[in-house]
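End of the sequence shown = 276 in our numbering, gap-free, step of one. We put the CB at the ideal spot given by N, CA and C, even for glycine. These numbers come from a predicted model, not from an experiment. Written below as structure tokens is the structure these notes are about.
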Amino acid sequence: MTTADFLQSFKEFLGRYGWPTDQSPWTIVEQWESLVDQAAEGYHWGLYEFANDLSVRDLLEKAFHDDQFGRFSQIGIMRQRVESADIRLRSMFLPGIEIGGADAPWWHRGVLAAAGDEYLDDVKRLHGIEIRH
């Protein structure tokens with residue numbers, strides 16, 4: 144399968160899930176990597192914004208399990224980059240602390256060990272978890 148076929152399939156995939164179709168698969172991966180970079184720098188927004196920003200990882204997970212992409216080698220390259228970012232993000236979560244239901248993916252259950260005041264205040268107010276700077 145050609146790169147053009149992959150890009151067209153991904154464009155259709157984005158449309159099915161209500162995402163702008165003018166983005167490339169690499170742009171979506173870069174959004175995930177950027178969010179992980181923001182978390183590493185001390186995420187400066189609140190918990191609600193973080194949960195919303197995690198939707199890009201949800202989309203990537205759907206792509207990785209979509210049968211139409213199994214025939215494209217590009218999905219494997221995307222998966223490698225996402226897995227590298229995943230490892231980084233997991234290391235930023237408080238060990239043994241999770242929020243949300245057990246059926247939620249790990250990236251929605253983790254709590255950042257270091258973040259800005261708004262995030263820390265939200266985690267304390269909504270989940271009773273106090274994180275010290």
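Length of the line joining the Cα atoms of residue 181 and residue 250: 15 Å
Can you find the residues in the same chain that come closer than 7 Å, C-beta to C-beta, to residue 228, ignoring five residues on each side of it along the sequence? Counting only Cβ-Cβ distances below 7 Å, and skipping sequence neighbours, we find 175, 176 and 179.
According to DSSP, simplified to helix, strand and coil, what is residue 236? strand
At a cut of 8 Å, does the segment 189-202 reach the segment 254-263 through at least three beta carbon pairs? yes
Cα-Cα separation, residue 202 to residue 160: Straight-line spacing of the CA atoms in residue 202 and residue 160 works out to 8 Å.
Could I get the ranges of all uninterrupted alpha helix (DSSP H) runs contained in the segment 245-270, with 4 residues as the minimum, in chain order? 249-252 and 260-270
Quick one: what's residue 186 bridged to in DSSP? 258
Check this for me: beta carbons of residue 170 and residue 154, under 7 Å apart or not? no
Is residue 273 helix, strand or coil when you go by DSSP? coil
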